[in-house]
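Okay, structure first, notes after.
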Amino acid sequence: MNDRVDREDWRHERSLQALGRAMRGEDDTPQPSGSLLSLAQATPADWRDNAVERHQIARSRREAAAERDAYISSAVTDDSAGPVAATSAEPAQDKLPPSPASWLPRWAQLKRARPDVEEIEAVEPAPERSGSAPAPDSVIAAEPDQQPGTTQLDAAQSDMDVRWKPLIDPMTVIGGVARSKALIVTMTLLGALVGISIALSTPKKYEAVTELIVDPRDLKITESDLTQTMIASDATLAIVENQMRVLTSGVVLNKVVDKLNLVSDPEFNGQGGSPGVLDLVRSLLSRDDGPGSADDTRRRALAVGNLAESISVERGGKTFVITVSAVTQDGDKSALIANTMTEVFLETYGQIQSDTAGRATDELTARLGELRKGVEEAERKVEEFRASHDLVDAQGRLISDDELLKLNEQLSLARAHTLELNARAASAKTVNVDSVLGGALPEEISSSAMADLRSQYSTLKQEADRAAVRLGPRHPERMALEAQLAGARDRIAAELRRIASSLQVDLRRAVQLEQELSARLAQLKVRSGDVSNDLVSLREFEREAAAKRSVYEAFLLRAKETSERRDINTANISVISKAFAPLEPNGPSRAVMALAGLLLGFASGVGLGATRGAYESLRATADEHTPQNRVPGRRREVALEGRNERFAPPQAPSGKAGIGSISPDVHEPAPDEAETGQPSIEEIRASLREFREAVRELAESRSRGRRV
Numbered sequence: 086m087n088d089r090v091d092r093e094d095w096r097h098e099r100s101l102q103a104l105g106r107a108m109r110g111e112d113d114t115p116q117p118s119g120s121l122l123s124l125a126q127a128t129p130a131d132w133r134d135n136a137v138e139r140h141q142i143a144r145s146r147r148e149a150a151a152e153r154d155a156y157i158s159s160a161v162t163d164d165s166a167g168p169v170a171a172t173s174a175e176p177a178q179d180k181l182p183p184s185p186a187s188w189l190p191r192w193a194q195l196k197r198a199r200p201d202v203e204e205i206e207a208v209e210p211a212p213e214r215s216g217s218a219p220a221p222d223s224v225i226a227a228e229p230d231q232q233p234g235t236t237q238l239d240a241a242q243s244d245m246d247v248r249w250k251p252l253i254d255p256m257t258v259i260g261g262v263a264r265s266k267a268l269i270v271t272m273t274l275l276g277a278l279v280g281i282s283i284a285l286s287t288p289k290k291y292e293a294v295t296e297l298i299v300d301p302r303d304l305k306i307t308e309s310d311l312t313q314t315m316i317a318s319d320a321t322l323a324i325v326e327n328q329m330r331v332l333t334s335g336v337v338l339n340k341v342v343d344k345l346n347l348v349s350d351p352e353f354n355g356q357g358g359s360p361g362v363l364d365l366v367r368s369l370l371s372r373d374d375g376p377g378s379a380d381d382t383r384r385r386a387l388a389v390g391n392l393a394e395s396i397s398v399e400r401g402g403k404t405f406v407i408t409v410s411a412v413t414q415d416g417d418k419s420a421l422i423a424n425t426m427t428e429v430f431l432e433t434y435g436q437i438q439s440d441t442a443g444r445a446t447d448e449l450t451a452r453l454g455e456l457r458k459g460v461e462e463a464e465r466k467v468e469e470f471r472a473s474h475d476l477v478d479a480q481g482r483l484i485s486d487d488e489l490l491k492l493n494e495q496l497s498l499a500r501a502h503t504l505e506l507n508a509r510a511a512s513a514k515t516v517n518v519d520s521v522l523g524g525a526l527p528e529e530i531s532s533s534a535m536a537d538l539r540s541q542y543s544t545l546k547q548e549a550d551r552a553a554v555r556l557g558p559r560h561p562e563r564m565a566l567e568a569q570l571a572g573a574r575d576r577i578a579a580e581l582r583r584i585a586s587s588l589q590v591d592l593r594r595a596v597q598l599e600q601e602l603s604a605r606l607a608q609l610k611v612r613s614g615d616v617s618n619d620l621v622s623l624r625e626f627e628r629e630a631a632a633k634r635s636v637y638e639a640f641l642l643r644a645k646e647t648s649e650r651r652d653i654n655t656a657n658i659s660v661i662s663k664a665f666a667p668l669e670p671n672g673p674s675r676a677v678m679a680l681a682g683l684l685l686g687f688a689s690g691v692g693l694g695a696t697r698g699a700y701e702s703l704r705a706t707a708d709e710h711t712p713q714n715r716v717p718g719r720r721r722e723v724a725l726e727g728r729n730e731r732f733a734p735p736q737a738p739s740g741k742a743g744i745g746s747i748s749p750d751v752h753e754p755a756p757d758e759a760e761t762g763q764p765s766i767e768e769i770r771a772s773l774r775e776f777r778e779a780v781r782e783l784a785e786s787r788s789r790g791r792r793v
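Have a look at this one:
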């Protein structure tokens, strides 16, 4: 977009101001720039008309390119031998659109119709700046015959112009699916027939569910249980798993078979009618000898095996709830089997506990006889030793020991009484009449007589004090009162002497009794030393007898407890929900199974068609990369004209006019370029070329105006 005449001012000509000056017809000297409004007013009318025409030309070119790409894609899909542009060096005439001229832009068609229009000169690209590559929009297509001095690059550079293609073309895969309509319909019908046959041959199954809650801690009947009550948290889950194994054990299954008479049930004894598809497959894979060996034992084994397959036992999450489900061809039968399984399990588990208690009772009872004999021998030996050494009295204790204990108690009491009398006698010696009258009478020497004397003295003292206030010291009445007071004091002193003498007599008796008891105790101690050796042997015999007696009593008590617990079921298992007959069968309905077969058949048909298309695409890609079948890409030719470079499109096939050779100014993408899936780049290049053409036309019109 620069000025070819004055290359030095190409920077200024690229601005909007330079464009405005060119449209106003001014010379190349710099002029003051005008506004965009003035620029629009100065624009010729034919330029505006040509702008509308150019816009329509660009739009028609883009639509033509899109139609051409769609046509080439459909042609590639219809051709089963592979892509047209990749496998054939000379495309057939019938593979091209019927009117190639319609692909040309509108301005090119007008140009053919108007030969008087001057040829538009190609604008040379701007000089390259140092360190920058030429822009893609500066590439101008030229005719092959206009490059007399060009040099062709090597094959390696020409291969770089070939655009990328996927290993598996999605359009080819879709075309393979489209060509496999008959196969898809066949597979769909076949899948529908298989689904209907499976649905009709598969019997309906009904599932009944019952739930049990199992507490690992058994009921505590007595203080000492047979099993440990406090168990670790990790062991509780193991206990529940053990009970689940008991629930599905052969003992429980055989009892259920006997209780419900499943040996005669055709569904369980292997003699049922119309088996399903799974039953047929299972019978083909089994190693059975046939119905000839169907005796009672085999029917029972089949009934137990089929019952085990129809029963499902699960534990819900991290809980102790066990779910028992039964699946049969009859809803009532499923509920009956599930409920019977729980009942038989409870009976069996209780029987297991009863057998455990009975076994413990038998073991304890077997040991009781031996323990009883040992206790009897030990007790007999103790009694014989007591009798031989005269160590037994009427109460079963030693006489010397009883006498020694009693004498020791009496001596202790005598000593305490002596100490008490000694203290009272000492208190009586320190007490006088004044202390008694002053109220300091000890409790040890107090008596009723002393209390009366003190009362009389206090009364006389009061009367004497009153008389002293009224009468003189020599008054006869006063003197009589004082004589009475002196007599009361003498009586109190005499009472004190009597109490002291009586205490001395009691003290002497207590001391004499204490001495006698001490002497008797010393004699008993000497006597007890003679039998000390015999007592040591006697205690040893007694300890042995006591130990055997305690063991025997413990075993006897435990045997009684276990024998009573034999008929008590301590299992902490409860049925939280019983099984009821289900209303609807288990699993998908027959319509769903038939529809599933239909969809699977359709999917398999589509998959086979897609595989077919992928195989064809892989084969076509392999043929393209083969050296003898590979079509060379667009060659790049360099014209040695000054510093400008021109890139020429590939030559059209011999005898056929290629799209790129119609006009030197128009470069239509080759068929191999249309297959690369990059129409956006081509549109951008076409827009850039249109903009270049518009600038050139504007420059030409302004130059013609200046010449006129």
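Residue 600 in the numbering used here sits at position 515 of the sequence shown; the count goes up by one each step and never skips.
Don't be surprised by glycine CBs; every beta carbon is placed ideally from N, CA and C.
Handout entry: S613 versus S485, E548, L252, residue with shortest Cα-Cα distance
Key = In the sequence shown, the residue the question calls residue 613 occupies position 528. That would be S485, whose Cα lies nearest to the Cα of S613.
Problem - Contacting residues, own chain, Cβ-Cβ under 8 angstroms from D652 (five flanking each side not counted) - result: Translated into positions along the sequence shown, residue 652 becomes position 567. These residues qualify, in order along the chain: S439.
Exercise for the section: Leaving out five residues on either side along the sequence, give the residues of the same chain with a beta carbon under 6 angstroms from the beta carbon of E782. Expected result: Mapped onto the sequence shown, residue 782 falls at position 697. Once the five neighbours on either side are set aside, E782 has no close Cβ partner at all.
Exercise for the section: Grab me the residues of E778's own chain with a C-beta within less than 6 angstroms of its C-beta, minus the 5 sequence neighbours each way, in chain order. Expected result: The residue you call residue 778 lines up with position 693 of the sequence shown. Around E778: no qualifying Cβ.
Practice task
Would you tell me roughly how many angstroms separate the C-alpha atoms of N327 and V677, rounded to the nearest one?
Solution key: Locating residue 327 in the sequence shown gives position 242, counting from the first residue. Locating residue 677 in the sequence shown gives position 592, counting from the first residue. Those two C-alpha atoms are separated by around 40 angstroms.
Practice task
Using 10 angstroms around the beta-carbon of M564, count the other beta-carbons present and answer buried if the total reaches 16, otherwise exposed.
Solution key: The residue labelled residue 564 in the question sits at position 479 within the sequence shown. With fewer than 16 other Cβ atoms within 10 Å, it is exposed.
Exercise for the section: Measure the C-alpha to C-alpha separation of V616 and L609 and round it to an integer number of angstroms. Expected result: For this step, residue 616 is matched to residue 531 along the sequence shown. For this step, residue 609 is matched to residue 524 along the sequence shown. The alpha-carbon atoms of V616 and L609 are separated by roughly 11 angstroms.
Practice task
Would you check if there are 3 or more beta carbon pairs closer than 8 angstroms linking the segment 570 to 590 to the segment 487 to 496?
Solution key: no
Practice task
Along the beta strand (DSSP E) that carries R400, what are the first and last residues, could you check?
Solution key: Residue mapping note: residue 400 aligns to position 315 of the sequence shown, counting from 1. Unbroken beta strand (DSSP E) run through R400: 396 to 400.
Exercise for the section: Out of A639, T271, D487, T425, point me to the one whose CA is closest to L685's CA. Expected result: As a first step, residue 685 is located in the sequence shown; it is residue number 600 there, counting from the start. Closest by alpha carbon: T271.
Exercise for the section: May I ask you to report which of helix, strand or coil DSSP gives E785? Expected result: Stepping through the sequence shown from its first residue, residue 785 is reached at position 700. DSSP places E785 in helix when its eight states are reduced to three.
Exercise for the section: Please go through the same chain and pick out, in chain order, the residues whose beta-carbon is closer than 6 angstroms to the beta-carbon of E785, but skip the five residues on each side of it. Expected result: For the purposes of this step, residue 785 is taken as the residue at position 700 of the sequence shown. So the list is empty, once near-sequence residues are dropped.
Problem - Between the CA atoms of T273 and K344 - distance to the nearest angstrom - result: By one-based count along the sequence shown, residue 344 stands at place 259. By one-based count along the sequence shown, residue 273 stands at place 188. Note on geometry: alpha-carbon atoms of K344 and T273 lie some 49 angstroms from one another.
Handout entry: Member of V341, L252, A508 whose CA lies at the smallest distance from the CA of S419
Key = By one-based count along the sequence shown, residue 419 stands at place 334. The shortest C-alpha separation from S419 is found at V341.
Practice task
Check N346 in the structure and name its three-state DSSP category.
Solution key: By one-based count along the sequence shown, residue 346 stands at place 261. In the structure shown, N346 sits in coil (DSSP, three-state: anything other than H, G, I, E or B).
Practice task
From the DSSP output, in three-state form, read off K466 for me.
Solution key: The residue given as residue 466 occupies position 381 in the sequence shown. Three-state result, K466: helix.
Practice task
Could you check what DSSP says for K290 in three-state terms: helix, strand or coil?
Solution key: Locating residue 290 in the sequence shown gives position 205, where the first residue counts as 1. It is a strand residue.
Handout entry: Any 3 or more C-beta pairs closer than 8 angstroms across the segment 285 to 301 and the segment 394 to 409
Key = yes
Problem - Coil, strand or helix - N836 by DSSP - result: Nothing can be reported for residue 836: it is not among the residues displayed for the chain, which extend from 86 to 793.
Handout entry: For T446: DSSP bridge partner residues
Key = Position 361 of the sequence shown, counted from the start, is the residue given in the question as residue 446. Answer by DSSP bridge pairing: none, since T446 is not bridged.
Exercise for the section: Let me know the secondary structure DSSP gives R325 once reduced to three states. Expected result: As a position in the sequence shown, residue 325 is number 240, starting the count at 1. Rather than Arg, the amino acid found at residue 325 in this sequence is Val. Helix, per DSSP.
Exercise for the section: Could you give the DSSP three-state label for E138: helix, strand or coil? Expected result: Locating residue 138 in the sequence shown gives position 53, where the first residue counts as 1. In this structure, E138 counts as helix in the three-state DSSP scheme.
Exercise for the section: Can you say whether S265 is buried or exposed, counting buried as having 16 or more other CB atoms within 10 angstroms of its CB? Expected result: Numbered from its first residue, the sequence shown carries residue 265 at position 180. Counting Cβ neighbours within 10 Å, S265 comes out buried, since at least 16 surround it.
Practice task
Going by CA-CA distance only, name the one from D537, A150, L332 that's closest to R400.
Solution key: Indexing the sequence shown from 1 puts residue 400 at position 315. Cα-wise, what sits closest to R400 is L332.
Practice task
State the start and end residues of the unbroken alpha helix (DSSP H) segment that holds I577.
Solution key: Stepping through the sequence shown from its first residue, residue 577 is reached at position 492. For I577, the enclosing alpha helix (DSSP H) covers residues 561 to 613.
Handout entry: Rounded straight-line distance, which links the Cα of Q541 to that of A552
Key = Residue 552 sits at position 467 when you count from the first residue of the sequence shown. Residue 541 sits at position 456 when you count from the first residue of the sequence shown. Cα-Cα distance, rounded: 17 angstroms.
Exercise for the section: Take P255 as the anchor and find which of S788, Y700, G790, R789 has the nearest alpha-carbon. Expected result: If you number the sequence shown from 1, residue 255 lands on position 170. Cα-wise, what sits closest to P255 is Y700.
Handout entry: For R582, the nearest candidate out of E638, L641, A511, A549 (CA to CA)
Key = Taking the sequence shown and counting its residues from 1, one reaches residue 582 at position 497. For the residues E638, L641, A511, A549, the minimum Cα distance to R582 belongs to A511.
Problem - First and last residue of the uninterrupted beta strand (DSSP E) at I661 - result: Taking the sequence shown and counting its residues from 1, the one referred to as residue 661 is at position 576. Run containing I661: 658 to 662, per the beta strand (DSSP E) assignment.
Practice task
Assign T257 to one of three DSSP states: helix, strand, or coil.
Solution key: Within the sequence shown, residue 257 is the residue found at index 172, counting from 1. Correct three-state label for T257: helix.
Exercise for the section: Can you grab the Cα-Cα spacing for the pair A143 / E767, in whole Å? Expected result: As a working mapping, residue 143 is identified with position 58 in the sequence shown. As a working mapping, residue 767 is identified with position 682 in the sequence shown. Cα to Cα, A143 sits roughly 12 angstroms from E767.
Practice task
Could you spell out where the beta strand (DSSP E) holding V636 opens and where it closes?
Solution key: Taking the first residue of the sequence shown as 1, we reach residue 636 at position 551. Careful: V636 lies outside any beta strand (DSSP E), inside the alpha helix (DSSP H) at 617 to 650.
Practice task
Closer than 6 angstroms by C-beta to A595: which residues in its own chain qualify, once you throw out the five before and the five after it? Chain order, please.
Solution key: As a working note, residue 595 is residue 510 in the sequence shown. Excluding positions up to five away in sequence, the list reads H502, T503, L506.
Problem - Endpoints, the beta strand (DSSP E) within which A812 is located - result: For the chain, the structure presents residues 86 to 793; residue 812 sits outside this window and is missing.
Handout entry: Closest by C-alpha distance to L813, when choosing among L620, N657, A513, E548
Key = One cannot answer for residue 813 here, as it falls past the ends of the chain, which runs 86 to 793.
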